[in-house]
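So the structure is just underneath, and the comments pick up after that.
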Amino acid sequence: MLTVQIWSDIVCPWCYIGKRRWEKALAAFPYAGQVRVLWRAFELRTNQPRVPGDRLADLMVTNYAMQRSEVAEVFDRLRTLGAQEGITLHPQHIRPVNSFDAHRLVALAAERGATDTVIDRLFRAYHTDVRNIADHDVLREIASEAGLADNDVAAMLRGDRWTEEIRAQEAAARTAGVTAVPSFVIDGHQKLNGAVSADAMLAMLNEEWAKKTPAEEGHSTQAT
475 MLTVQIWSDI VCPWCYIGKR RWEKALAAFP YAGQVRVLWR AFELRTNQPR
525 VPGDRLADLM VTNYAMQRSE VAEVFDRLRT LGAQEGITLH PQHIRPVNSF
575 DAHRLVALAA ERGATDTVID RLFRAYHTDV RNIADHDVLR EIASEAGLAD
625 NDVAAMLRGD RWTEEIRAQE AAARTAGVTA VPSFVIDGHQ KLNGAVSADA
675 MLAMLNEEWA KKTPAEEGHS TQAT
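Residue 506 in my numbering sits at position 32 of the sequence shown; the count goes up by one each step and never skips.
Written as structure tokens, this is what we have:
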């Protein structure tokens with residue numbers, strides 16, 4: 475069994491692209507049934523308000539001293555790479571919001587076996603539909619579409635359930651040396667950073683599987 479921890483943030487377009495590439499890699503891995511995937515929270519902007527403010531494009535100019543033309547190039551690349559993975563990105567319309575409650579929803583979904591569905595819907599809501607994923611009504615709608623009980627979701631959003639879990643995941647990221655997302659950590663040591671290619675992810679899986687599998691078992695598998 476391989477354990478892969480994936481640190482990501484819903485508001486990160488590269489994480490959305492990375493998830494699609496990860497799915498391709500896992501689908502091509504012969505022992506996918508022996509891979510346990512754990513999605514971990516990583517907030518890019520911990521102090522971001524829940525209410526949408528300035529556009530991402532404006533923040534990139536103000537906070538990172540980028541030229542408008544440079545921002546446009548980055549957005550063009552994102553849209554192109556997203557399209558290659560079958561997803562539609564609208565970075566030009568994005569107004570960043572706080573993602574903490576979205577991460578708490580993912581934690582609840584993990585408990586109910588709906589992680590992938592909820593993460594996919596959160597990514598799509600934010601990056602494709604340009605919705606406010608900090609809005610509790612939006613989160614409840616997404617949860618309902620994924621089959622989660624509204625009473626459970628509403629209670630979570632009213633209280634602080636999963637807060638400690640999310641903080642623990644973020645602390646674990648620091649311990650693992652994760653400083654950017656997406657980051658893929660396999661069995662606690664092998665690490666890939668960024669939305670690397672599906673081939674690179676598959677190579678990582680094959681390499682780690684070979685370490686865990688006795689040589690004679692590998693020969694037997696190849697002979698069958």
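Note that the Cβ used here is the ideal one computed from N, Cα and C, for glycine as well.
query, result
"How about residue 643 and residue 572: are their beta carbons less than 8 Å apart?", "no"
"Taking the straight line between their C-alpha atoms, what separation do you get for residue 485 and residue 564?", "12 Å"
"Closer than 8 Å is the cut-off here; do at least three beta carbon pairs connect the segment 646-666 with the segment 475-492?", "yes"
"Where does residue 477 land, buried or exposed, given buried means 16+ other C-beta within 10 angstroms?", "exposed"
"Report back the beta-carbon spacing between residue 568 and residue 529 to the nearest angstrom; my notes put them in contact at under 8 Å.", "7 Å"
"DSSP beta-bridge partners for residue 478?", "511, 660"
"Mapping the DSSP letters down to three states, classify residue 491 as helix, strand or coil.", "helix"
"Following the continuous alpha helix (DSSP H) through residue 519, name the residue where it begins and the one where it ends.", "It is not in any alpha helix (DSSP H) - residue 519 carries neither H nor E in the DSSP assignment."
"Between the Cα of residue 576 and the Cα atoms of 558, 597, 548, 566, which residue gives the shortest distance?", "597"
"Quick one: Cα of residue 562 to Cα of residue 502, how far?", "24 Å"
"From the DSSP output, in three-state form, read off residue 537 for me.", "helix"
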